[in-house]
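> Here it is, the structure in full.
Residue numbers (the working numbering), protein chains in the order written: chain A, 1 to 161; chain B, 1 to 251.
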């Protein structure tokens, strides 16, 4: 029988189609790997309800499991517990920053959002906190548009949910 | 509580999400500025995604065994149970924003209660969707303030939008035999209990935006029974075109 560690390492080869520097395990999209006599059950969860990458991610996972000759697997999607940026590992955050995307800050619930209080977002290029939000909505559902006032770099901020 | 009642309730929520998502998506490529074009496309996508989750759930409850695509795209107009406000044409940007504010501020309160549903699907659905709704409410609130407290023209337009949409807000809180029974069973939300908090929030925002709360009026209803405005047919004609022309098409 295959071990769940083996499956996790296989899944780490699947990159997020919209943020290719991260894989689906680092993103926290893969929630569970269950091994039983019936086979392997992989559970994934969407970042956003309408994330257009979910279908691709499912197909990519199936492809890599086939490639490694894993028989009898199922891939199911759950909504609860709801995905949060807190599940992203520190390494994943650093990879995002190196890619020019400001990583999400910890403590996702962003209650301040409703009160209009915005957090300090560091420019991924120069590290300055003199940044301003251009738009809460960016190139993908999970990002906002920011600009750095110190180095003028426009950048994506991975927003907290 | 029967399976049919659960199905009907799920369809109501799904239709609300789908029809609003469809209307918002019409702004794609037509937004007043690039950032807003992107914002509304993003928000539309959240609703289409929520609708997908709801239709998938409805499909499991459907005695006719239709899948989520068939439910979303092949029913007749009278079989859609969304509230009327969401099917109204977008109008100008002020009208779109005002509808966004009225609806999302209500829907966030609604989801917060739905989170306590004794149905595992709905509590999970609510938990997920709330995270998205927070951003929608903030987006709409910012623009209501900006337009209300902006120029004479923007103030005039957003006030007009607030007044014109007001007769449609009542349906958001409308309860009937189905929802009363499901709410009593701990499955659904008692919408009527949300009115006071919603009005309080709305009044506070309107004060800040220098807008006047619309005067009380008669409220339209009918969407939950499949009686729609004249605009619904046109919306469906466009939305359903592909599945009507090429039944079962997938890509």
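The beta carbon of each residue, even a glycine, is placed where N, CA and C say it ideally should be. Bear in mind the structure is a predicted one, so any value in this text is a computation, not a measurement.
1) Find out if the Cβ-Cβ distance for the pair residue 35(B), residue 44(A) is shorter than 8 Å.
2) Determine the contact status of residue 123(B) and residue 80(A), defining contact as a CB-CB distance below 8 Å.
3) Within the 8 Å Cβ cut-off, does residue 39(B) reach chain A?
4) Using 8 Å as the threshold, is the C-beta distance between residue 114(B) and residue 72(B) below it?
5) Here's the rule: buried if 16 or more other CB atoms are within 10 angstroms of the residue's CB, otherwise exposed. What is residue 82(B)?
6) Return the bridge partner residues of residue 150(A) from the DSSP annotation.
7) Which residues of chain A have a Cβ atom closer than 9 Å to the Cβ of residue 45(B), listed in chain order?
8) The segment 134-149 of chain B: which residues have C-beta closer than 9 Å to a C-beta of chain A, in chain order?
9) Residue 49(B) CB to nearest chain A CB: under 8 Å?
10) Measuring alpha carbon to alpha carbon, tell me which residue in 136(B), 227(B), 177(B) and 29(B) is nearest residue 105(B).
11) If you follow the alpha helix (DSSP H) that residue 103(B) is part of, which residue opens it and which one closes it?
12) Return no unless some Cβ of chain A is closer than 8 Å to the Cβ of residue 197(B).
13) Please list the partners that residue 250(B) has in chain A, where partner means a Cβ-to-Cβ separation under 9 Å.
14) Give a yes or no on whether the C-beta atoms belonging to residue 182(B) and residue 9(B) are separated by under 8 Å.
15) Does the beta-carbon of residue 248(B) have 16 or more other beta-carbons within 10 angstroms, so that it is buried, or is it exposed?
16) Is residue 156(A) helix, strand or coil by DSSP?
17) For residue 150(A), which of 121(A), 55(A), 89(A) and 103(A) has the nearest alpha-carbon?
18) Tell me where the alpha helix (DSSP H) around residue 32(A) begins and ends.
19) Is the beta carbon of residue 142(A) closer than 8 Å to that of residue 47(A)?
20) Mind checking the segment 174-201 of chain B against chain A and listing, in chain order, the residues whose C-beta falls within less than 8 Å of any C-beta there?
21) By the three-class DSSP mapping on this structure, what secondary structure does residue 73(A) have?
22) What are the boundary residues of the alpha helix (DSSP H) that includes residue 162(A)?
23) Would you say residue 132(B) reaches chain A, if we count a Cβ-Cβ gap shorter than 8 Å as a contact?
24) If you reduce the DSSP assignment to three classes, tell me which class residue 146(B) lands in.
25) Between residue 155(A) and chain B, is there a C-beta pair that is closer than 8 Å?
26) Among the candidates 34(A), 57(A) and 128(A), whose CA atom is the shortest distance from the CA of residue 27(A)?
27) For residue 211(B), which three-state DSSP category applies?
28) Straight-line CA distance for residue 8(A) to residue 84(A)?
29) Closer than 7 Å by beta-carbon distance: list the chain A residues that pair up with residue 221(B), in chain order.
30) How long is the line joining the alpha carbons of residue 63(B) and residue 206(B), rounded to whole angstroms?
31) For a contact meaning CB atoms closer than 8 Å, what does residue 136(A) contact in chain B?
32) Taking all protein chains shown into account, do 16 or more other C-beta atoms lie within 10 angstroms of the C-beta of residue 68(A), making it buried, or fewer, making it exposed?
33) State whether the segment 141-149 of chain B contacts the segment 51-65 of chain B, with contact taken as three or more CB pairs (one from each stretch) at a distance under 8 Å.
34) Residue 133(A) lies in the beta strand (DSSP E); which residues open and close that run?
35) Mapping DSSP to helix, strand and coil, what is residue 126(B)?
36) Can you tell me whether residue 114(A) is buried or exposed, with buried defined as 16 or more other CB within 10 angstroms of its CB?
Considering the structure as presented:
1) no
2) Yes, Cβ-Cβ distance for residue 123(B) and residue 80(A) is below 8 Å.
3) Nearest CB-CB separation between residue 39(B) and chain A: below the 8 Å threshold.
4) No, the Cβ-Cβ distance between residue 114(B) and residue 72(B) is not below 8 Å.
5) So residue 82(B) ends up on the buried side.
6) According to DSSP, which records beta bridges pairwise, residue 150(A) is partnered with nothing at all.
7) 48, 49, 50, 51, 52 and 141
8) 134, 135, 137, 138, 139, 141 and 142
9) yes
10) 136(B)
11) 93-114
12) no
13) The contacting residues do not exist; residue 250(B) stays about 11 Å from chain A at best.
14) Taking 8 Å as the Cβ cut-off, residue 182(B) and residue 9(B) qualify as a contacting pair.
15) exposed
16) In this structure, DSSP gives residue 156(A) an extended state, which the three-state scheme calls strand.
17) From the listed residues 121(A), 55(A), 89(A) and 103(A), the smallest Cα separation to residue 150(A) is found for 121(A).
18) Residue 32(A) -> not in any alpha helix (DSSP H); beta strand (DSSP E) instead, spanning 30-36.
19) yes
20) none
21) In the structure shown, residue 73(A) sits in a strand (DSSP, three-state: E or B).
22) Summary: the structure shown does not reach residue 162(A), with chain A confined to residues 1 through 161, and so no result is reported for it.
23) It does; some Cβ of chain A falls within 8 Å.
24) helix
25) no
26) 57(A)
27) coil
28) 20 Å
29) None at all; the shortest Cβ gap to chain A is about 27 Å.
30) If I take the Cα positions, the gap works out to 46 Å.
31) The answer, in chain order, is 39, 135, 138 and 139.
32) Counting every other CB atom within 10 Å of its CB across the protein chains shown gives residue 68(A) a total below 16, marking it as exposed.
33) no
34) 131-135
35) helix
36) Reliability of the predicted coordinates at residue 114(A) is poor, the pLDDT of 48 falling under 50, and the value obtained from them is presented with this limitation in mind. It is exposed - the Cβ of residue 114(A) has fewer than 16 other Cβ atoms within 10 Å.
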